[in-house]
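Participant: My questions all concern the structure below.
In the working numbering, the protein residues as written are 2 to 285.
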């Protein structure tokens, strides 16, 4: 099958490799170019994958390669500029890595630029396409735990780093309800940074969605049990523990915690790259 669309990747680090792994599984898309200002990273990337044109600026890539899709795989402080540039160049879609930005102003500017140009903007929460999260969403639709009451997240490595995954996963499994209110507290006592961005040492949040279900966010409050992609849902008739590669159910019928079969074996499931990123591209 001949590719219908062309794509370009901005940022040749680990996340840029994950996006390439996903594109390589989609016959309809061909990656034709990459951009990275670091010569060594860009040249190594081109050598690894071949048949790519390398550029040191996003502007040059957009002007010469003219891709249909752009993956923004830089660190989050640099997400707005290439996203806005791609939109203004008229690309059909931008897949921007999470977190979207480090402030609402920057995020709004990205949304506005893409809306003005008719560019589809996708934030790369590719874990939505993992078998565990998908099965969790199905089970919630089936009402296996009754009405959801409370979802608990326990993460580490910063709220905008790991926390965005589990918060997004909680919304996804619940059916993407809209938030009604949020309250929280952050603590910063050290000189902690995450990819050149000052972040909190700890965070506690409580959020209520429409329908009354609440989400408790615990970020960097404890390391034990902290993960990027798992969460627990408490309902009126049971509990559900969801991760990318495992779903466990507790209700009257299960007679104790029970593993729910998934569409793939646990060792074959990855939260990033490969099939998950490929599914995200196909969703476009």
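Virtual Cβ for every residue (Gly too), placed ideally from N, Cα, C.
Computed from a prediction, not measured in an experiment: that's the story for all the values here.
Provide the residue span of the beta strand (DSSP E) that contains residue 48, from first to last.
Facilitator: Numbered from its first residue, the chain shown carries residue 48 at position 47. Residue 48 -> not in any beta strand (DSSP E); alpha helix (DSSP H) instead, spanning 40-50.
Participant: With a floor of 3 residues, list each beta strand (DSSP E) that falls wholly inside the stretch 22-104, ordered by position along the chain.
Facilitator: Here the runs fully enclosed are 30-36, 54-56, 70-73 and 94-98.
Participant: Using alpha carbons as the reference points, say which of 195, 253, 156 and 161 lies closest to residue 233.
Facilitator: As a working mapping, residue 233 is identified with position 232 in the chain shown. Answer by Cα proximity: 156.
Participant: Would you call the CB atoms of residue 32 and residue 279 closer than 9 Å?
Facilitator: In the chain shown, the residue the question calls residue 32 occupies position 31. In the chain shown, the residue the question calls residue 279 occupies position 278. Not in contact: residue 32 and residue 279 (Cβ atoms no closer than 9 Å).
Participant: Output needed for residue 40: all residues of its chain with C-beta closer than 8 Å, excluding positions within five of it in sequence on either side, in chain order.
Facilitator: On the chain shown, residue 40 is found 39 positions in, with the first residue counted as 1. Closer than 8 Å at Cβ, skipping near neighbours: 57.
Participant: Spatial neighbours of residue 90 within its chain, please: CB distance less than 6 Å, with the 5 preceding and 5 following residues excluded, ordered by chain position.
Facilitator: Taking the chain shown and counting its residues from 1, one reaches residue 90 at position 89. So the list reads 63, once near-sequence residues are dropped.
Participant: Using the three-state DSSP reduction, which class does residue 246 fall into: helix, strand or coil?
Facilitator: To locate residue 246, count along the chain shown from 1; it is residue 245. Coil.
Participant: CB-CB under 8 Å to residue 120, same chain, minus the five flanking residues each way: which ones, in chain order?
Facilitator: Sequence index remark: in the chain shown, residue 120 carries index 119 (1-based). Correct list, in chain order: 87, 88, 91, 92, 93, 94, 95 and 114.
Participant: From residue 71 to residue 210, what distance separates their C-alpha atoms?
Facilitator: Your numbering for residue 71 matches position 70 in the chain shown. Your numbering for residue 210 matches position 209 in the chain shown. Cα to Cα, residue 71 sits roughly 32 Å from residue 210.
Participant: How about residue 13 and residue 43: do their beta carbons lie closer than 9 Å?
Facilitator: Along the chain shown, one-based indexing puts residue 13 at 12. Along the chain shown, one-based indexing puts residue 43 at 42. Yes.
Participant: Residue 168 lies in the alpha helix (DSSP H); which residues open and close that run?
Facilitator: Against the chain shown, residue 168 aligns to sequence position 167. 165-175 is the extent of the alpha helix (DSSP H) around residue 168.
Participant: For residue 281, report the span of its alpha helix (DSSP H) as first-last.
Facilitator: Numbered from 1 along the chain shown, position 280 holds the residue referred to as residue 281. Run containing residue 281: 275-284, per the alpha helix (DSSP H) assignment.
Participant: Measure from the alpha carbon of residue 153 to the alpha carbon of each residue in 51, 243 and 16, then state which is nearest.
Facilitator: Residue mapping note: residue 153 aligns to position 152 of the chain shown, counting from 1. Per the Cα distances, 243.
Participant: Would you say residue 16 reaches chain E, if we count a Cβ-Cβ gap shorter than 9 Å as a contact?
Facilitator: Annotation note: the requested chain E is absent from the structure, which comprises a single protein chain.
Participant: Just to confirm before moving on: does the CB-CB distance between residue 169 and residue 136 stay below 9 Å?
Facilitator: Translated into positions along the chain shown, residue 169 becomes position 168. Translated into positions along the chain shown, residue 136 becomes position 135. No, Cβ-Cβ distance for residue 169 and residue 136 is not below 9 Å.
Participant: What do you reckon, are the CB atoms on residue 161 and residue 230 nearer than 9 Å?
Facilitator: The sequence position of residue 161 within the chain shown is 160, counting from 1. The sequence position of residue 230 within the chain shown is 229, counting from 1. Not closer than 9 Å, so no.
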